[in-house]
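Enquirer:
Residue numbers (this note's numbering): 909 to 1252.
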């Protein structure tokens, strides 16, 4: 029988190496994020943005012609907002929810308590991203076909102006002082415009970024995080210069930043991972993890109070080929849509 308490030379060497690595800080830290729950919500259609209502804490998930409203604590479906067309994103102002409808070129206004549709506002062509800017007190839709942004006064429900962006806009963020930064997907650039005057202040190249989609911002340090093909471009809001990049997985469509923890997140649908990086300084970032999620989990939301991250996915199958589209995109399988929760 072996003496279990006698350390071999190899074990002694290994222990000494570990102690040395700990002492020098060579052991890589991890974020601690992992999947804690997966809930099948079912339903039909694909999906796009996940957004959390700060007033109620409910999670809104856009699903093509409907929006699922979910309790993030239980994963329970609370209601389904129907009668929509080509929905993409949601924004929240007081007791109202604003939903961008790319299929009808409108924004639907929904009561935040009853979750009943109240009215519609005509905007640009194919509105995609949507956000509320508290400085200008305006809602902005970013219109993918008309290549512009529409400004809406939520008090009157009227359009107050349009900003020509010179390309296809995707996600956007505010600097907290009235400047909006929006990704231009087909130009691989960042456009900055004044939310009050609606004047464009700059077109900033995002190279080596290609096809920017998701976006987040560190307002305190003046940094924009643009999710691109295999990397995040980190831009200085003041100079418009890309100061560094963060390596991520493939197929990103959403990014988030948690100011309380200094963590940057990227949901990578093609890789089926959640990249978690730490902001060591405004110009330096360390990737901590590429947490396995699920193939197709490309969009997400972060709860700033609990620091939980939510991603979603759906099973797909080959589409039916036609003469015009011999290689159609894959289509969602009804009933397979699921919400995945990650926590530390």
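In this text, a Cβ means the ideal position worked out from N, Cα and C, and glycines have one as well.
Predicted model, so just to flag it, every value in this text is computed and none were measured.
If you draw a straight line from the C-alpha of residue 1010 to the C-alpha of residue 1033, how long is it?
Expert: Whole-angstrom Cα-Cα distance: 7 angstroms.
Enquirer: What number of angstroms, rounded off, separates the C-alpha of residue 1142 from the C-alpha of residue 1001?
Expert: Going from the Cα of residue 1142 to the Cα of residue 1001 covers about 28 angstroms.
Enquirer: Count the other C-beta atoms from every protein chain shown that fall within 10 angstroms of the C-beta of residue 1120, then say buried if there are 16 or more, exposed otherwise.
Expert: Buried, by the Cβ-count rule.
Enquirer: Any idea what DSSP makes of residue 979, helix, strand or coil?
Expert: If DSSP states are grouped into helix, strand and coil, residue 979 belongs with the strands.
Enquirer: Can the beta-carbon of residue 974 be found less than 8 angstroms from the beta-carbon of residue 949?
Expert: In this structure, residue 949 does not lie closer than 8 angstroms to residue 974 by Cβ.
Enquirer: Which residues in the same chain as residue 1198 place their Cβ atom closer than 7 angstroms to its Cβ, once the five residues preceding and following it in sequence are excluded?
Expert: Same-chain partners within the cutoff: 1157, 1181, 1183.
Enquirer: Apply the 10 Å Cβ neighbour rule to residue 1188 and answer buried if 16 or more other Cβ atoms are within range, or exposed otherwise.
Expert: The residue is exposed, with fewer than 16 neighbouring Cβ atoms inside 10 Å.
Enquirer: Is it a yes or a no for the region 1040 to 1050 touching the region 1068 to 1081, going by three-plus beta-carbon pairs under 8 angstroms?
Expert: Short answer: they touch.
Enquirer: Could you pull out every residue in the same chain whose Cβ sits closer than 7 angstroms to the Cβ of residue 1106, ignoring the five residues on either side in sequence?
Expert: Counting only Cβ-Cβ distances below 7 angstroms, and skipping sequence neighbours, we find 1059, 1069, 1071.
Enquirer: If you check the beta carbons only, do residue 1240 and residue 1229 fall under 8 angstroms apart?
Expert: Cβ atoms of residue 1240 and residue 1229: not closer than 8 angstroms.
Enquirer: At which residues does the beta strand (DSSP E) containing residue 943 begin and terminate?
Expert: 942 to 948 is the span of the beta strand (DSSP E), which, as asked, contains residue 943.
Enquirer: Given this structure, state the Cα-to-Cα distance separating residue 1111 from residue 941, to the nearest angstrom.
Expert: The straight-line gap from Cα to Cα measures roughly 36 angstroms.
Enquirer: Assess contact between the region 1161 to 1177 and the region 1204 to 1216, defined as three or more Cβ pairs (one per stretch) separated by less than 8 angstroms. Is contact present?
Expert: Yes, the region 1161 to 1177 touches the region 1204 to 1216.
Enquirer: If you measure between the beta carbons of residue 1134 and residue 1115, is that distance less than 8 angstroms?
Expert: No; because the gap between Cβ atoms is not below 8 angstroms, this pair is not in contact.
Enquirer: Using the Cβ count rule (16 or more neighbours within 10 Å means buried), how would you classify residue 1243?
Expert: Exposed is the call here.
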